[in-house]
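**Q** If you scroll down you'll find the structure; I have some questions about it.
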Amino acid sequence: MTSEPLTRALAARDRWGFADSLRAFGVSPQVMGVLPYTMLEYVSRWRNSFRLWRVAPDSTVRAWIEPRIIDDAGILGHFVADGSNPHHTTKHFNGWVGENPKGYTTDTRFHGRIESQFVQAHVEEADLRAAATAAPQVFDNVRGAVVTDLQRTNRSVDSLYALDTATPFREESATPEQKAFAVSRMAAGTTMLRDLWYTAWVTSARP
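What follows is the structure in structure tokens.
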């Protein structure tokens, strides 16, 4: 699917309008996925919960609302983390599929090798704290921020596969370039999640 039809489809108000727009271009919604809409939906749910918390009459009511806020925060964290991984923004999420002029790996263990084995073995919390240094911000346009973030992630697909081609991502070994790439992507996800949380809280005080 070319960028122009996808851009037009992403202008849809919700995931159902997005699906209808994709079908109009002859693309199955099941193929594309709805990650940006899922992120937007959870930010909206979260902001509404914060609003309810702000106007709750007492601590008992707030105690009922807080677990919902925490649960939604965790679920949103999962999707934002997915959105920081380049392979989650493409059909090549678990090894390259289709035409492969650069000879990238088609290993169907690719996804797990990177996200689980490599990261758990080589990335520490201190690495992310050192990398995620940007000041918190409130997004004036959450939809635009989400789409821009996913587009930025998508531009790293080739870099990810090229690194794996040079030296496969493995639990038992890591090159400096591989670790730097993993840390930068995870720090980007950490920063994005923090800013969505901050945006939801600050804007929940507005009408």
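Convert by adding 88 to the 1-based position in the sequence shown; the result is the number in our numbering. Heads up, the beta-carbon is just placed ideally off N, CA and C, and yes, glycines get one too. Since this is a predicted model, take the numbers as computed values, not measurements.
1) In the structure shown, what three-state DSSP assignment does F269 receive?
2) Using the C-alpha atoms, what's the distance from F206 back to F181?
3) Going by DSSP, name the residue or residues bridged to G277.
4) DSSP on F113, reduced to helix/strand/coil?
5) Give the straight-line distance between the Cα atoms of R231 and P124, rounded to the nearest whole angstrom.
6) What does the Cβ neighbour count give for W184, buried or exposed, with the cut at 16 atoms within 10 Å?
7) One question on the structure: do M274 and L216 come within less than 7 Å of each other, judged by their Cβ atoms?
8) Between which two residues does the alpha helix (DSSP H) holding S132 run?
9) Around the C-beta of I158, are 16 or more other C-beta atoms found within 10 angstroms, so that it is buried, or is it exposed?
10) Going by other Cβ atoms of all chains shown within 10 Å of its Cβ, with 16 needed for buried, is P224 buried or exposed?
11) For R258, list the residues DSSP reports as bridge partners.
12) Roughly how many whole angstroms lie between the Cα atoms of Y286 and N242?
13) Output the distance between the C-alpha atoms of A262 and Y249, rounded to the nearest integer angstrom.
14) Is it true that the region 97–115 meets the region 184–203, where meeting means three or more beta-carbon pairs spaced less than 8 Å apart?
**A** Result, derived from the coordinates:
1) Translated into positions along the sequence shown, residue 269 becomes position 181. If DSSP states are grouped into helix, strand and coil, F269 belongs with the helices.
2) Numbered from 1 along the sequence shown, position 93 holds the residue referred to as residue 181. Numbered from 1 along the sequence shown, position 118 holds the residue referred to as residue 206. The alpha-carbon atoms of F181 and F206 are separated by roughly 16 Å.
3) The residue labelled residue 277 in the question sits at position 189 within the sequence shown. Beta-bridge pairing links G277 to no other residue.
4) What you label residue 113 is simply residue 25 of the sequence shown in a count that begins at 1. Three-state result, F113: coil.
5) The residue you call residue 231 lines up with position 143 of the sequence shown. The residue you call residue 124 lines up with position 36 of the sequence shown. Answer to the nearest angstrom: the Cα atoms are 8 Å apart.
6) The residue given as residue 184 occupies position 96 in the sequence shown. Buried, because 16 or more other Cβ atoms sit within 10 Å of the Cβ of W184.
7) Translated into positions along the sequence shown, residue 274 becomes position 186. Translated into positions along the sequence shown, residue 216 becomes position 128. Closer than 7 Å, so yes.
8) Residue 132 sits at position 44 when you count from the first residue of the sequence shown. Start and end: 123–143.
9) Your numbering for residue 158 matches position 70 in the sequence shown. I158 comes out exposed.
10) On the sequence shown, position 136 is the one that residue 224 refers to. Burial call: exposed.
11) As a working mapping, residue 258 is identified with position 170 in the sequence shown. Answer is S261, bridged to R258.
12) Within the sequence shown, residue 286 is the residue found at index 198, counting from 1. Within the sequence shown, residue 242 is the residue found at index 154, counting from 1. Spanning the two alpha carbons is a distance of roughly 24 Å.
13) For this step, residue 262 is matched to residue 174 along the sequence shown. For this step, residue 249 is matched to residue 161 along the sequence shown. Whole-angstrom Cα-Cα distance: 15 Å.
14) When C-beta atoms of the region 97–115 are compared with those of the region 184–203, fewer than three pairs fall below 8 Å, so the two segments do not count as touching.
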